[in-house]
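Residues 40 to 225 (the working numbering) make up the sequence shown, in order.
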Amino acid sequence: MQVLTIVFIAVGLAMDAFAVSVITGSVCKGFKRCHALRMALFFGGFQALMPIIGFLAGLGLRDYISASDHWIAFALLCFVGGKMIYESFKIEKAESSRDPSNLLVLLALSFATSIDALAVGITLSLLQTPILVAVTVIGLITFVLSYLGVGIGKRFGHFFESRIEIIGGLILIAIGLKIVIEHLSA
């Protein structure tokens with residue numbers, strides 16, 4: 040898998056964390072840089088960890104499903120992308136009782152925004168992608184976008200949040216289509 044494709048996957052996966060960061064920046068007025076940095080570290084770390092878990096799970100399946108791995112990768116990416124698009128219409132306002140500077144809340148948010156990365160990790164194993172390169176790119180892009188998202192949220196509020204999820208979903212679906220088209224044309 041090309042590095043550019045991994046970058047697009049990383050951007051697509053990071054959109055959940057970015058949307059939460061934008062919401063946090065717009066709702067939590069007392070959020071400081073240290074809070075934004077901590078949120079970015081957690082989001083980036085979880086986004087890097089979950090594909091590793093999915094990758095390891097996919098390694099056990101690879102020999103059994105290698106004949107249809109491209110269709111499975113396509114289905115997983117379309118499912119994750121479609122789920123992101125669907126959820127973009129359901130974004131709720133963050134409640135003040137859910138303070139993202141609280142460690143337990145931050146852990147829950149980090150886990151919730153990285154579940155999709157688990158399925159992508161399975162896809163990466165089926166496509167025999169170098170996992171260390173992929174998770175490094177995914178983690179770094181999520182970190183940067185999450186950190187920037189808090190600042191964008193402080194300045195622009197909720198204007199972007201649902202559009203971010205739609206863009207991320209469309210990116211993942213497009214990558215799934217690219218995988219199938221490349222396989223069918225080979």
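Ideal Cβ placement from N, Cα and C applies to all residues, glycine included.
The structure displayed is predicted, hence computed values, not measured ones.
- Query: Going by Cα to Cα distance, which pick from 127, 114, 60 is closest to residue 218?
  - Reply: Residue mapping note: residue 218 aligns to position 179 of the sequence shown, counting from 1. Cα-wise, what sits closest to residue 218 is 114.
- CA-to-CA distance, residue 52 to residue 128, given in whole angstroms: Counting from 1 along the sequence shown, the entry for residue 128 is found at position 89. Counting from 1 along the sequence shown, the entry for residue 52 is found at position 13. Straight across, the Cα-Cα distance linking residue 128 with residue 52 is about 17 Å.
- Under a three-way DSSP split, which group does residue 63 fall into? Your numbering for residue 63 matches position 24 in the sequence shown. Reduced to three states, the DSSP call for residue 63 is helix.
- Message: Taking its Cβ as the centre, do 16 or more other Cβ atoms sit within 10 Å of residue 73, making it buried, or is it exposed?
- Response: As a first step, residue 73 must be located in the sequence shown, where it is residue number 34. That one is exposed.
- Determine the direct distance from the alpha carbon of residue 70 to that of residue 135, and round the result to whole angstroms. Taking the sequence shown and counting its residues from 1, one reaches residue 135 at position 96. Taking the sequence shown and counting its residues from 1, one reaches residue 70 at position 31. With a pLDDT of 41 at residue 135, under the threshold of 50, the predicted position of this residue should be treated as unreliable, and no value is reported.
- Have a look at 204, 222, 117, 60 and flag the residue whose alpha-carbon is nearest the alpha-carbon of residue 193. Here residue 193 refers to the residue found at position 154 when the sequence shown is read from its first residue. Among 204, 222, 117, 60, the Cα nearest to that of residue 193 is on 60.
- Item | Chain-order list of residues whose beta-carbon lies under 7 Å from that of residue 91 (same chain, five-residue window excluded) | Counted from its first residue, the sequence shown places residue 91 at position 52. Shown here for residue 91: same chain residues with a beta carbon closer than 7 Å to its own, the five before and five after excluded, namely 160, 170, 174 in chain order.
- Item | Sub-9 Å separation of residue 232 and residue 123 beta-carbons | Not covered by the structure: residue 232. The range shown for the chain is 40 to 225.
- Query: In angstroms, rounded to a whole number, what distance separates the CA positions of residue 188 and residue 118?
  - Reply: Counting from 1 along the sequence shown, the entry for residue 188 is found at position 149. Counting from 1 along the sequence shown, the entry for residue 118 is found at position 79. Approximately 25 Å, taken between the alpha carbons.
- Task: Inspect the beta-carbon positions of residue 163 and residue 111 and report whether they are closer than 9 Å.
- Result: Sequence index remark: in the sequence shown, residue 163 carries index 124 (1-based). Sequence index remark: in the sequence shown, residue 111 carries index 72 (1-based). Between residue 163 and residue 111, the C-beta gap is not smaller than 9 Å, which leaves the two residues out of contact.
- Query: Out of 140, 76, 58, which has the shortest C-alpha to C-alpha gap to residue 67?
  - Reply: By 1-based counting over the sequence shown, the position of residue 67 is 28. Comparing Cα positions, the closest option is 140.
- Query: Straight-line CA distance for residue 116 to residue 142?
  - Reply: Mapped onto the sequence shown, residue 116 falls at position 77. Mapped onto the sequence shown, residue 142 falls at position 103. In this structure, the CA atom of residue 116 is about 30 Å from the CA atom of residue 142.
- Any heavy atom of the ligand NAD within a distance shorter than 8 Å of the CB on residue 191? In the structure shown, the ligand NAD is absent, as is every other ligand, since no ligand is present at all.
- Query: From residue 146 to residue 156, what distance separates their C-alpha atoms?
  - Reply: Within the sequence shown, the letter at position 107 stands for residue 146. Within the sequence shown, the letter at position 117 stands for residue 156. A direct Cα-Cα distance of roughly 16 Å separates residue 146 from residue 156.
- Query: Helix, strand or coil: how does DSSP classify residue 166 here?
  - Reply: In the sequence shown, the residue the question calls residue 166 occupies position 127. Looking at residue 166 - three-state DSSP - the assignment turns out to be coil, as it is neither helix nor strand.
- Proximal residues to residue 181 (C-beta, below 6 Å), its chain only, five neighbours per side dropped: For the purposes of this step, residue 181 is taken as the residue at position 142 of the sequence shown. The residues are 53, 56, 82, 83, 86.
- Item | Whole-angstrom distance between residue 154 and residue 148, CA atom to CA atom | On the sequence shown, position 109 is the one that residue 148 refers to. On the sequence shown, position 115 is the one that residue 154 refers to. Going by the C-alpha atoms only, they are around 10 Å apart.
- Query: At which residues does the alpha helix (DSSP H) containing residue 122 begin and terminate?
  - Reply: Numbered from 1 along the sequence shown, position 83 holds the residue referred to as residue 122. Unbroken alpha helix (DSSP H) run through residue 122: 108-127.
- Going by the CB atoms, is the gap between residue 213 and residue 47 shorter than 9 Å? Position 8 of the sequence shown, counted from the first residue, corresponds to residue 47. Position 174 of the sequence shown, counted from the first residue, corresponds to residue 213. Judged by their CB atoms, residue 47 and residue 213 are nearer to each other than the 9 Å cut-off.
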